[in-house]
Amino acid sequence: MPELPEVETIARGVHERLRGDRILQAWFGSHREPFKTPPARQARGLEGRTILSVERIGKHIVCTLGSAGDKDVLVSKPEAQWIVHLGMTGRLLVTIPEGPVAAHTHARLSMASGRELRFVDPRRFGRLEFRDLRRDAGFGAPGDEPLKIGGEQFAALFHGRKLAIKAALLNQSLLAGVGNIYADESLFRAKIRPRRRAGSLTRAELERLRLALREVLEHAIRLGGSSVSDYVDAEGVRGFFQLEHCVYLRTGLACRICQTPIRRILVAGRGTHFCPQCQK
Ligand SMILES: [Zn+2]
39 MPELPEVETI
49 ARGVHERLRG
59 DRILQAWFGS
69 HREPFKTPPA
79 RQARGLEGRT
89 ILSVERIGKH
99 IVCTLGSAGD
109 KDVLVSKPEA
119 QWIVHLGMTG
129 RLLVTIPEGP
139 VAAHTHARLS
149 MASGRELRFV
159 DPRRFGRLEF
169 RDLRRDAGFG
179 APGDEPLKIG
189 GEQFAALFHG
199 RKLAIKAALL
209 NQSLLAGVGN
219 IYADESLFRA
229 KIRPRRRAGS
239 LTRAELERLR
249 LALREVLEHA
259 IRLGGSSVSD
269 YVDAEGVRGF
279 FQLEHCVYLR
289 TGLACRICQT
299 PIRRILVAGR
309 GTHFCPQCQK
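In structure tokens:
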């Protein structure tokens, strides 16, 4: 499952390659699941439009599109959005039309530059959506953005909450896009036990957690950024598995700080890894 840093890396990669490019033609596959907007409507909406920008919002990739016939992306007004959610196994590839078409390719957009943007998703939990901003509201994630949120706002999210802090971190209506790996890793860095009640954390602990979360996410984005071509052009989510985790999937191995074996428990139904010595 692609997590926030992977999605950020893919969005940046597509932005670098396709910003200012124009969509000439859109082709969609026949499976129903990937289409939140009917494919015929997506094709009509996309064709002719220029890609003004590509960014990550929560765990979604949002392509902002200008009007058909736009020439200058700097002065174009956003008129539409194409929203990609990668689901479990989705990938966005920027390739050339002659490039071999992977099995489970559900969308191909031919660009004026001669490139092709493809959406591939074997398990079909991913979603593609088109919004016409003259009619529809723009896409927004329900939760706050973990890379941007300030201390006051972060503390307010958890104030008085009885659920475990790990569960609160995963709650997408509080913070957008934090997944299991980065919840475990940031709690370790902040030295906080995953089962602590969110509302019981002191202001100092919450501030440690906010900074730790930002640190682990930014670190992963930096690592991913260096292997961006792997993501966008080729096999998808490779580089991130080389990330050196401190606790995630290290059950029974020695803590990198105190040598105590890392423990695994379930919190909110999710495998949760922590150091019983370092985390209070
Ligand atoms: Zn430890």
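So the sequence shown is numbered by my numbering: it starts at 39 and just counts up by one. Ideal Cβ placement from N, Cα and C applies to all residues, glycine included.
query                                                                                                                        : result
The region 187–195 / the region 95–107 touching (three or more Cβ pairs under 8 angstroms)                                   : no
Residue range of the alpha helix (DSSP H) that includes H197                                                                 : First-last for H197: undefined, no H or E at that position.
Residue interval of the alpha helix (DSSP H) (run including D222)                                                            : N218 to R227
Secondary structure of V254, DSSP reduced to three states                                                                    : helix
Distance cut-off 7 angstroms: I295 Cβ against heavy atoms of ligand 1                                                        : yes
7 angstroms Cβ shell around A306 - same chain, five flanking residues per side excluded                                      : A202, K204, A205 and L208
Within-8 angstroms CB hit, Q80 to chain B                                                                                    : Here there is only one protein chain, and chain B is not present.
Which of helix, strand or coil DSSP assigns to H53                                                                           : helix
Burial state of D182 (16 or more Cβ within 10 Å)                                                                             : buried
When Q119, G83, S105 and T75 are compared against I95, the one with the closest alpha-carbon                                 : Q119
Length of the line joining the Cα atoms of Q80 and I259                                                                      : 30 angstroms
Touching by the beta-carbon criterion (3+ pairs, under 8 angstroms), the region 149–162 and the region 46–66                 : yes
Touch test, the region 152–172 against the region 126–134, Cβ-Cβ under 8 angstroms, three pairs minimum                      : yes
DSSP-derived helix/strand/coil call for I61                                                                                  : strand
C101 beta carbon near ligand 1 (any heavy atom closer than 7 angstroms)                                                      : no
Where the beta strand (DSSP E) through L103 begins and ends                                                                  : H98 to A106
Residues of its chain near K74, where Cβ-Cβ distance is below 7 angstroms and the 5 sequence neighbours each way are ignored : R165, L166 and E167
C293 beta carbon less than 8 angstroms from that of I303                                                                     : no
Heavy atom of ligand 1 within 7 angstroms of T310 beta-carbon                                                                : no
Cβ separation of P26 and A145, assumed to be a contact under 8 angstroms, to the nearest whole Å                             : What is shown of the chain runs 39 to 318, which leaves residue 26 out entirely.
Distance cut-off 7 angstroms: T298 Cβ against heavy atoms of ligand 1                                                        : yes
CB-CB length for G262 against T47, believed under 8 angstroms                                                                : 4 angstroms
Strand pairing of Q119, partner residues [DSSP]                                                                              : T102 and R169
Three-way DSSP call (helix, strand, coil) for S68 in this model                                                              : coil
Pairwise C-alpha distance: T133 and E44                                                                                      : 19 angstroms
With 16 other Cβ atoms within 10 Å as the buried cut-off, status of V122                                                     : buried
Backbone CA spacing between K200 and A193 [nearest angstrom]                                                                 : 14 angstroms
Reduced DSSP category for R162 - H, G, I as helix; E, B as strand; rest coil                                                 : coil
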